[in-house]
Amino acid sequence: MGDWKTITVPVLSSDSKNILPYTSERKKSPTSMNSQVLRLSLPSPKNMHSFFSAFCTEENIEQSISYIDRELTTLGFPSIYAEAKGKELNLIAIVNCINELLALQHKNLRAQEEVEMQHLKLGSDMDHLQNCYAKLKEQLELSKREIVGLQERDRQLQIKNRNLHQLLKNEKDEVQKLQNIISSRATQYNHDMKRKEREYNKLKERLHQLVMNKKDKKLAMEVLNYVGRADGKRGAWRTDKTEARNEEEMYKVLLSDYEQRQKQLLLENAELKKVLQQMKKDIISLLPPQKQKPKERSEDGLVLSDQEEDIGELNKENMWELSCETVREQLTNSIRKQWRILKNHVEKLDNQVSRGHSGALNEKDVISREDHELETEKLELEIQQCKEMIKTQQQLLQQQLTCDDDTTLLLQDCYLLEERERLQEEWRLFREQKKNFEKERKSFTEAAIRLGLERKAFEEDRGAWLKHQFLSMTADCKSENVTTPSAFLRSKYLVQIMFLHSSDPDIRLVKSASRQRKPSSVLSPTISPEPCQISQYITQNSVASEKPAADNMPNLWVESDDKEETE
Amino acid sequence: ASCIQHRLVVRDASSLQILQLYTCLDQIQYLEWSSDSLFILCAMYKRGIVQVWSLEQPDWHCKIDEGSVGLVASCWSPDGRHILNTTEFHLRITVWSLCTKSVSYIKYPKACQQGVAFTKDGRYMAVAERRDCKDFISIFVCKNWQLLRHFDTETQDLFGIEWAPNGCVLAAWDTCLEYKVLLYSLDGRLLSSYSAYEWPLGVKSIAWSPSSQFLAIGSFDEKVRILNHVTWKKITELDHPATITNKKTIVYKEVEKSPTVDTERLSFLPTRALTSSLFSTQSKYDISQVPVSLQYIKPVADRANPKVGVGMLAFSADNCFLATKNDNIPNAVWIWDIRKLKLSVVLEQLCTIQYFQWDPCQPRLAVCTGGSRVYLWSPAGCIVVQVPGEGDFQIMSLSWHSSGDSMLLLSKDHFCVCYLEREEV
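Right under this line is the structure:
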């Protein structure tokens, strides 16, 4: 419970008990403050009341006041008495003290709160840290275990590796051993073979000797007569001269062969050199002119000047005769340099093109990609077409070539036959049509003739009927002036009759002719002079309308005209 | 000229008319024309006799008797007046002269596949020799048979020698146990030596290109290596895989056409010819689509001289093509374009290829597989030619006429001549 300090306070024992715990609590060591603070922080009002009532009663007011005063002064507050020794209390001082005490109390409470907060925070931090610590410990454990496992595996693999190496070495050793065995056996066999061969040779020699001894009678060549040599010359004796000549000839043959080969190689060389020179020139021409910027591209400029010197040199002297190393090296080196420059150049151009077209000097040599692609497409199409044409032509050629004469003739005959058949067909059709036409024409002419005849008859009838009418009409006219309706009727009848039979183009012509006369005839209102006019018209129309058809009644025509007009 | 038993029959090449008939003493085993086509030599190995006949004078005769020495091989010299006889056990080579009746001997010739080689112009002869277990090459001048050069070779066991067509370089190669090709100049200097690898079996076949520019070496590892004449170093390796994947290669595959049998015809007795033509199968070429896998035969591992590797090599006369045959894939002929050093055509046949030969004038290749058909290839295409006739005519070998117009087809007991028409231009 800490340090208890008893303070002798000249107060009632009941108070001291209560005070004692209070003051002793205050003077407790700070370590146990924590637990005690909580208790002190919220003194219940009940306790307070009991406190106050316990501390100060009616009997010991002065004592308690003086005690309080003493306490306050010891704490640094001003005395609550008005005067030094008086008994009157300085209310203001008391209030101030109370206020200050309250402020102090607040401050203390706040501090307490802060401390408590901090305490909580620290507690949570501690928890957190402890958790982390625990986790890390676990992880550490895990990784340690993993490491151990991996190490184990590594060890096993290494063992395996070593085993395999060992096996490999063993195999190699075996192979080596076998090879050694083979070679040793081979030497042994060779040795044995040589021995056997020597034996064999000895046998051969012996046999040879035996044979040579027996030879005289058996070995012979019977020839009926000598045969001349192939080239007609006589055989020559074997002398040193001939040997020397043989050697000479042999060397001549060899030399000629070598010379031939050398000539071929020289020709090849010359060709290749020409090609290289050409390539060099092309490369130089492809590169953009660099003379204008000597400062920037001093290297290339130097190379260029070197090239030109080279060209000059090589062109001056006859290239075919130059075959020394230095010139060859120069040529190849210069071509390599040029090629490198060209490569760089092309790479630069590629970069430029990929980035986008920038109008620069370099583009003079470069066609835009799209144009290039279009051109290539066009060319490809052309190539395709040409190929197809060639194929078809080839096929045709093959047909022509592979066919024998018979088949070609047959083919030709076939074509001719086809054509002939077609023609025959057409002829047939044509003839049929002709026949049909003939038939139709015949029928038409018959019909026309019939029509003519019928018309003739009809016209005759009509003529007779009209005559009759006329006669009757004229008779009527004389009696009556106006007989228009009957005349009209009669004309109508006539016209109708005519229309019934009219199918000839003549009548149409007649109609047209009659229409021309219309205006003049309309003006004539009277009908009495009609017959006279009619007669006039008859004569006029008869003259005007001369028809080839068999129509013998101009009167009738005129009348019809007239009737038409009047109507 | 052809021989039957002990008779020699000489026919005209264009009409096959019998011109001469000669009788020899024994069964003829070897026949050779002289280079000027005036004489024919007939060798009878069993009796050790060589008889020479003349075409111009049928009465003229010549007989060379080797006696007890025996006879193993016989050949003409390039001038057509000397005969070289190789005795039994390769004891010596005897040079008989028809002009002077003189004899020369060449000692210690080597018993190998190609031991004697003449240059194309016939001036020099190279002979492989072996003394004291070492290989030597002697070069003789054919005019007077004088020894020109004699040098040793660095080979274990010299297998063969061959002159380049220009007559200046001699190629010598070792036995197949060791891959070594040595090139000697005419005067005996070693120009170069080439060895592709050490332990597996080595060189199987060698061919010079007609211009002497290339030397093709076919080896047991199914590859052909081409050396060039300037540096004698390998230009390229041509591989013969069983699967062809390159799209630019044309593969012609022989396909059998099933015969169409006309049942109406069988009513009356058909003649033998008709039956054979009815039942013999036709075949034609089809172009197979790449990738193509060819019939691959794995060789038996424990036998000597296995059927592995490039066994046949031939350059075309115009130096443009190289035809090869890989013995692992015995039904195919591989034709390489030398100008591009690429495989251009593969001909796949139905049977094993027996022999092929280029036309001496044009780039035309004739192939025979042991059936009764001969196959022709040229850059324009390839065709199958059936030999008409009764029964089976099994073509084992063929030989072109030097003008390229006709071809001799040989079977075991018969031969026929195939004439090729020229296109009238």
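First to last, the sequence lines map onto chains X and U.
Each residue of the first sequence is one higher than the one before, starting from 1 at the first, in the UniProt record's numbering.
Each residue of the second sequence is one higher than the one before, starting from 1 at the first, in the UniProt record's numbering.
Just so it is clear, CB atoms sit at the ideal spot from N, CA and C, and this is done for glycine as well.
In chain X, which residues lie with their C-beta within 7 Å of the C-beta of residue 75/U?
-> Within 7 Å Cβ-Cβ: nothing; residue 75/U doesn't reach chain X, min ~16 Å.
Residue 268/X to residue 232/U, Cα distance in whole Å?
-> Distance between the alpha carbons of residue 268/X and residue 232/U: 19 Å.
Following the continuous alpha helix (DSSP H) through residue 354/X, name the residue where it begins and the one where it ends.
-> Taken as a continuous stretch (DSSP letters only), the alpha helix (DSSP H) holding residue 354/X covers 325-355.
Could you run through the stretch 193-205 of chain X and flag, in chain order, every residue whose CB is less than 7 Å away from some CB of chain U?
-> If the cut-off is 7 Å between Cβ atoms, the stretch 193-205 of chain X has 194, 197, 198 and 204 near chain U.
Give a yes or no on whether the minimum CB-CB distance between residue 332/X and chain U is below 9 Å.
-> It does not; no Cβ of chain U falls within 9 Å.
Which of the three DSSP states, helix, strand or coil, is assigned to residue 104/X?
-> Residue 104/X carries a helical assignment under DSSP once its states are collapsed to helix, strand and coil.
Rounded straight-line distance, which links the Cα of residue 408/U to that of residue 372/U | Roughly 13 Å separates the two Cα atoms.
Mind pulling the chain X residues with CB within less than 8 Å of residue 141/U?
-> Under the 8 Å cutoff, chain X gives 246, 249 and 250.
Enumerate in chain order the residues of its own chain whose CB-to-CB distance from residue 80/X is below 8 Å, with the five nearest sequence positions on each side excluded.
-> For residue 80/X, the CB contacts under 8 Å within the same chain, skipping 5 residues up- and downstream, are 65, 68, 69, 72, 89, 90, 93, 94 and 97 in chain order.
Would you mind giving the Cβ-Cβ distance between residue 308/U and residue 218/U, rounded to the nearest angstrom? I have them listed as a contact below 8 Å.
-> Not really, about 11 Å apart at Cβ, beyond 8 Å.
So with Cβ pairs under 9 Å, would you call residue 421/U a contact of chain X?
-> By the rule that beta-carbons nearer than 9 Å mark a contact, residue 421/U does not touch chain X.
Chain U contacts made by the stretch 408-420 of chain X, where a contact means CB separation under 7 Å | Correct list: empty, as no residue qualifies.
Straight-line CA distance for residue 46/U to residue 25/U?
-> Going by the C-alpha atoms only, they are around 11 Å apart.
May I ask you to verify whether the stretch 232-247 of chain U touches the stretch 338-353 of chain U, counting CB pairs closer than 8 Å and requiring at least 3?
-> The stretch 232-247 of chain U, when compared against the stretch 338-353 of chain U, does touch it at the 8 Å Cβ threshold.
Please specify which runs of the beta strand (DSSP E), each continuous and at least 3 residues long, are wholly inside the stretch 209-245 of chain U, giving them in chain order.
-> Runs of the beta strand (DSSP E) inside the stretch 209-245 of chain U: 214-219, 223-228 and 234-239.
Any chain U beta carbon closer than 9 Å to residue 351/X | At a cut-off of 9 Å, the C-beta of residue 351/X has no neighbouring C-beta in chain U.
Got a sec, what are the start and stop residues for the alpha helix (DSSP H) residue 275/X sits in?
-> Bounds of the alpha helix (DSSP H) holding residue 275/X are 240-286.
Report the three-state DSSP secondary structure of residue 414/U (helix, strand or coil).
-> Here residue 414/U sits in coil by DSSP.
With a Cβ-Cβ cutoff of 9 Å, do residue 250/U and residue 186/U count as a contact?
-> With respect to residue 186/U, residue 250/U sits apart: the two C-beta atoms are not nearer than 9 Å.
Mind checking residue 300/U: buried by the 16 CB within 10 Å criterion, or exposed?
-> Residue 300/U should be labelled exposed.
Quick one: what does DSSP say residue 86/U is sitting in, helix, strand or coil?
-> Per DSSP, reduced to three states, the secondary structure at residue 86/U is strand.
With 16 as the cutoff for other CB atoms within 10 Å, does residue 226/U come out buried or exposed?
-> Answer is buried; the Cβ neighbour count reaches 16.
C-beta contact flag for residue 162/U and residue 190/U at 9 Å = Contact: no.
With a CB to CB cut of under 6 Å and the five nearest residues on each side skipped, what residues in its chain are close to residue 406/U?
-> Cβ within range, chain order: 417 and 419.
Beta carbon of residue 201/U, beta carbon of residue 193/U: below 9 Å?
-> Judged by beta-carbon spacing, residue 193/U lies beyond the 9 Å limit of residue 201/U, meaning their Cβ atoms are not closer than that value.
Nearest candidate by alpha-carbon position, reference residue 396/U, set 386/U, 370/U, 375/U and 402/U | Among 386/U, 370/U, 375/U and 402/U, the Cα nearest to that of residue 396/U is on 370/U.
Taking residue 69/U as the query, report the chain X residues whose CB atoms sit under 7 Å from its CB, ordered along the chain.
-> Within chain X, the residues near residue 69/U are 211.
Check whether the Cβ of residue 91/X sits closer than 8 Å to any heavy atom of the ligand PLP, and report yes or no.
-> Ligands displayed in this structure: none; no statement on the ligand PLP is therefore possible.
Starting from the beta carbon of residue 208/X, find every residue of chain U whose beta carbon is closer than 8 Å, and list them in chain order.
-> In chain order: 91 and 92.
What residues of chain X sit near residue 187/U, judged by a beta carbon separation below 9 Å?
-> Near residue 187/U (Cβ distances below 9 Å), the residues of chain X are 247, 250, 251 and 254.
Is the shortest distance between the beta-carbon of residue 360/X and the beta-carbons of chain U less than 9 Å?
-> Note on residue 360/X: pLDDT 49, under 50, position unreliable in the model; the coordinate value appears next. Residue-level contact by beta carbon fails for residue 360/X and chain U, as no gap is shorter than 9 Å.
Where do the N-terminal and C-terminal ends of the alpha helix (DSSP H) with residue 70/X fall, by residue?
-> It spans 61-75 - the alpha helix (DSSP H) in which residue 70/X sits, taken as one unbroken run.
Where residue 168/U meets chain X, residues with beta-carbon distance less than 7 Å | Residues of chain X passing the Cβ test: 253, 254 and 257.
Give a yes or no on whether 9 Å exceeds the smallest Cβ distance from residue 279/U to chain X.
-> With a pLDDT of only 46 at residue 279/U, under 50, the local geometry of the prediction cannot be trusted, and no value is derived from it.
For residue 407/U, three-class secondary structure by DSSP | Residue 407/U: strand per DSSP, three-state reduction.
Per-residue contacts from residue 133/U into chain X (C-beta, under 7 Å) | Under the 7 Å cutoff, chain X gives 194, 197 and 198.
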